[in-house]
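For reference, each letter of the sequence shown is one residue, going 1 to 89 in the UniProt record's numbering.
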Amino acid sequence: MKVSKLVNNATIDILLFISEHGPVRHREISKLVKSRGTLSVVLRELLEDELIARYVDVRGSPVKTYYVVTEKGKHVAKKFVELKELLSS
1 MKVSKLVNNA TIDILLFISE HGPVRHREIS KLVKSRGTLS VVLRELLEDE LIARYVDVRG
61 SPVKTYYVVT EKGKHVAKKF VELKELLSS
């Protein structure tokens, strides 16, 4: 398997997207993946690994859920960006 394939997958793409654009809502992230099921699985894994956090804004209607990158996630995202840059040079 090529190393470039390892850094070009849905999990990394979603982590980097949230890192660059966060806080973001589910709908914004869903544009990155083909399957809603894939997105749910990836978000759950990122939450379990404490790379992202989810918070709910109940001040308005409807209630809005946002995803943000944690400090740990920022560190991991930075390393993936460095790896992608290294592979593209």
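Cβ coordinates follow ideal geometry from the N, Cα and C atoms, glycine included.
DSSP bridge partner residues for residue i (one or two, in chain order)
i	result
Ala53	Val68
Val24	Tyr67
Alpha carbon of residue i to alpha carbon of residue j, nearest angstrom
i	j	result
Lys34	Tyr67	19 Å
Val58	Phe80	33 Å
Glu28	Glu45	18 Å
Val63	Leu87	41 Å
Gly37	Ser30	10 Å
Glu82	Val56	31 Å
Span of the alpha helix (DSSP H) around residue i
i	result
Gly37	36-48
8 Å Cβ cutoff met for residue i and residue j
i	j	result
Leu15	Leu51	yes
Thr65	His26	yes
Ser19	Gly73	yes
Ala10	Val42	yes
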